[in-house]
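Below: one structure, written as structure tokens.
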Amino acid sequence: MPAGNPDYDVIIAGGGMAGLITAASLGYHSKGKHRVLVIDRNRENEPGRKTNNGWTCGDATSKRSLDYLAEHIGVRYGSPELEHPVKGVYVYSPDRKSKVLFEGEGYLFNRKLAPRRQVADARKYGTEFMYEATAERLLSEDGWITGVTGRKTDGTTFTMTAKLVIDATGSSSTLRRFMPIQSMIEKEIDPDDVVGTGRYILDFEPTGDRREFFDPDYCIIHLDQFIAPAGYAWVFPKGRKKVNIGLGVSHSGLARRNRRFKLNDNLQSLIDKYLADNPVIKNFTQPSDDANSGNTKGNWQVPVRRHNDCMVANGFAIVGDAAWMPRPIDAGGISPSIYGGTILGRVAAEALEAGDTSEAGLWKYNVEYMNTHGYPMASFEVLRRYLQTVTNDQIDYGMKHFLSEEDVQAITERKHPEFNQARLMNPGMWLRVLGELSLARGLRYTVRKSSALVEINLAYPDSPKGFAEWQKRLGRELAETVEKFKPLDVAAN
Numbered sequence: 005m006p007a008g009n010p011d012y013d014v015i016i017a018g019g020g021m022a023g024l025i026t027a028a029s030l031g032y033h034s035k036g037k038h039r040v041l042v043i044d045r046n047r048e049n050e051p052g053r054k055t056n057n058g059w060t061c062g063d064a065t066s067k068r069s070l071d072y073l074a075e076h077i078g079v080r081y082g083s084p085e086l087e088h089p090v091k092g093v094y095v096y097s098p099d100r101k102s103k104v105l106f107e108g109e110g111y112l113f114n115r116k117l118a119p120r121r122q123v124a125d126a127r128k129y130g131t132e133f134m135y136e137a138t139a140e141r142l143l144s145e146d147g148w149i150t151g152v153t154g155r156k157t158d159g160t161t162f163t164m165t166a167k168l169v170i171d172a173t174g175s176s177s178t179l180r181r182f183m184p185i186q187s188m189i190e191k192e193i194d195p196d197d198v199v200g201t202g203r204y205i206l207d208f209e210p211t212g213d214r215r216e217f218f219d220p221d222y223c224i225i226h227l228d229q230f231i232a233p234a235g236y237a238w239v240f241p242k243g244r245k246k247v248n249i250g251l252g253v254s255h256s257g258l259a260r261r262n263r264r265f266k267l268n269d270n271l272q273s274l275i276d277k278y279l280a281d282n283p284v285i286k287n288f289t290q291p292s293d294d295a296n297s298g299n300t301k302g303n304w305q306v307p308v309r310r311h312n313d314c315m316v317a318n319g320f321a322i323v324g325d326a327a328w329m330p331r332p333i334d335a336g337g338i339s340p341s342i343y344g345g346t347i348l349g350r351v352a353a354e355a356l357e358a359g360d361t362s363e364a365g366l367w368k369y370n371v372e373y374m375n376t377h378g379y380p381m382a383s384f385e386v387l388r389r390y391l392q393t394v395t396n397d398q399i400d401y402g403m404k405h406f407l408s409e410e411d412v413q414a415i416t417e418r419k420h421p422e423f424n425q426a427r428l429m430n431p432g433m434w435l436r437v438l439g440e441l442s443l444a445r446g447l448r449y450t451v452r453k454s455s456a457l458v459e460i461n462l463a464y465p466d467s468p469k470g471f472a473e474w475q476k477r478l479g480r481e482l483a484e485t486v487e488k489f490k491p492l493d494v495a496a497n
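When we follow my numbering, the leftmost residue of the sequence shown carries the number 5, and every step to the right adds one.
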């Protein structure tokens, strides 16, 4: 570690959910003994704002992740930051005739109000804040990250040094991309591993009671390669007469869909059509009260690959979207940020106490995140790639005939389904399997590959020494799936 007296023990660049939870966890585990600075580009009265369009997000998270936060750092959210409880998430087939319960109990956040609570949680331990400022580049010395340089909204520049810099600035982070030292952190993400997403938050008067289009007790996900090519659409209740409705699409998937049907849709036009076609959500308005104003319409980009294979370097760590943590299968980013921020805060406190914020001193963060939450993400990445190769008719058929109760339970527990009903060794399923043999083979292949990937991830190395060989093994498995699952143009139904 470079000699000298830095300005701070820890600088956290980015004041969104991941950065603020990391700050609270660090304060909790160190009992507030370290000097911590959070740099947020937003005004103090608008903490955590993600884009010019507001705190744009799907807003949903699992009860499981909130229980983890409460258990490990004593933070228990309630009203107003938690806006509405749900009993689970139903995923519907394109024809709306089949559904599967994808998740257990959860909540819808108010993403505008939640950061206010999270700032208070961090400040309780003495965390300092610099608002209306952006960390633009990392400082380095002798192979270590030693601080940041940046610019305030008034045009003035700043330079701050620290024993540890944590990057929580989002998926397009310039800090990660322009790291000035050698490390095992991947700097760039493949454009095909990023989806464009957008949504409205609306008050409305329900027209009818068709639960496949709006259910006040369940989040709804619609799989449909025409409405949301290589992605999905959602209807998440934020009350009995309030909704978060939107969709996410692969940029290349949308281009293929437009070419096939000779259309010129973009993300916003798809969202508007999806809203217009919903028979229940009518007579809607965008709420204008303080809890919602400036946050009712927006688009944003989300990474949908496994998290970065390595998330630490000498004097540096990444978390949240900056570490590509959102789940590949549904782009959910709140739960990964909760797990990642909670774990990183504790590991950072331990590293500071030991006087070792080196790559090796921070390595425990990689291991614990992988073992706690990250191990199935590579398998979900494979499932996402596979779903980009199938048509709406195949999705309808597969959800109707190949999903067993055991598969549903596995999905609810965030495990990969086995799709045993897609096996030719099951005599009772022969006719159904032969009716969609290519689909059955694809599902079985994803199961075998996913099992191998989970096994590899659960063998994540305990120190940097074994990382290169581990990453090669993982890369070989994933490269095969990329070659096998070539996206195809959307077929008409």
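The beta-carbon is built from N, C-alpha and C at its ideal position, and this holds for glycine as well.
Sub-7 Å separation of residue i and residue j beta-carbons
i: F208; j: K245; result: yes
i: G174; j: V199; result: no
i: G212; j: V152; result: no
i: V169; j: I149; result: yes
i: E145; j: L117; result: no
i: E109; j: K67; result: yes
i: D99; j: D400; result: yes
i: M188; j: C314; result: yes
i: V316; j: Y369; result: yes
i: V239; j: F265; result: no
i: R310; j: A382; result: yes
i: P220; j: G257; result: no
i: Y111; j: P89; result: yes
i: L279; j: I249; result: yes
i: G52; j: G19; result: yes
i: A321; j: L356; result: no
i: L251; j: I225; result: no
i: T300; j: I205; result: yes
i: Y94; j: K101; result: no
i: P506; j: V308; result: The first residue shown for the chain is 5 and the last is 497, placing residue 506 beyond what the model contains.
i: L462; j: E481; result: no
i: W328; j: T55; result: no
Identity of the residues DSSP links to residue i by a beta bridge
i: C223; result: V93
i: N248; result: I205, F240
i: W304; result: T201
i: G344; result: Answer by DSSP bridge pairing: none, since G344 is not bridged.
i: Y12; result: A166
i: G58; result: T55
i: T26; result: In DSSP, T26 forms no bridge with anything.
i: F320; result: V169, A317
i: G298; result: BP columns for G298 are empty, so no partner.
i: S66; result: G110
i: H88; result: L112
i: K103; result: Y96
i: I43; result: A17, M134
i: W148; result: E145
Spatially closest choice to residue i from the options, by CA coordinates
i: F113; options: Q186, K128, C223, I15; result: C223
i: G324; options: G479, N49, V306; result: V306
i: A353; options: G8, P6, R39; result: R39
i: G58; options: K103, R80, R115; result: R115
i: V247; options: L258, Q290, L271; result: Q290
i: K490; options: G446, V371, Y135; result: G446
i: E216; options: L105, N299, Y32; result: L105
i: T346; options: R155, G19, G31; result: G31
i: D125; options: I322, Y81, P468; result: Y81
i: A74; options: I342, A364, L462; result: I342
i: D499; options: Y12, V371, R214, R261; result: In the structure as shown, the chain begins at 5 and stops at 497. Residue 499 is therefore absent and cannot be evaluated.
i: I16; options: R214, D281, Q475, G319; result: G319
i: M134; options: L143, N268, T161, D281; result: T161
i: N270; options: N287, G202, S297; result: G202
i: A444; options: F471, H405, L462, W474; result: H405
i: D158; options: S97, S29, V79, R47; result: R47
i: V123; options: R350, E190, A27; result: A27
Contact with chain D by residue i, beta-carbon distance below 7 Å
i: M188; result: Absent from the structure is chain D; it holds one protein chain and no more.
* If you pair each beta-carbon of the region 134 to 152 with each one of the region 166 to 179, do three or more pairs fall below 8 Å? -> yes
* To do: Specify whether the region 18 to 26 and the region 41 to 58 touch according to this definition: at least 3 beta carbon pairs, one from each stretch, less than 8 Å apart.
  => yes
* **Contained beta strand (DSSP E) runs [length at least 3] in the region 253 to 289, N- to C-terminal order** => 285 to 289
* Stretch pair the region 450 to 463 + the region 378 to 394: three plus CB contacts closer than 8 Å -> yes
* To do: Scan the region 112 to 144 and note each continuous alpha helix (DSSP H) run of 4 residues or more that stays entirely inside, going in chain order.
  => 118 to 127
* Report yes or no: do three or more beta-carbon pairs, one from the region 6 to 20 and one from the region 159 to 166, lie closer than 8 Å? => yes
* Can you check the region 355 to 396 for any alpha helix (DSSP H) of at least 4 residues that lies completely inside it and give the ranges in chain order? => 363 to 373, 381 to 391
* Asked: If you scan the region 150 to 215 from start to end, which runs of the beta strand (DSSP E) of 3 or more residues do you find wholly inside it?
  -> Runs of beta strand (DSSP E) with 3 or more residues, each lying fully within the region 150 to 215, are found at 161 to 171, 198 to 210, listed in chain order.
* Report the residue ranges of all alpha helix (DSSP H) runs contained in full by the region 450 to 489; include only those spanning at least 4 residues, in chain order. => Taking only runs of at least 4 residues, the alpha helix (DSSP H) segments lying wholly in the region 450 to 489 are 471 to 488.
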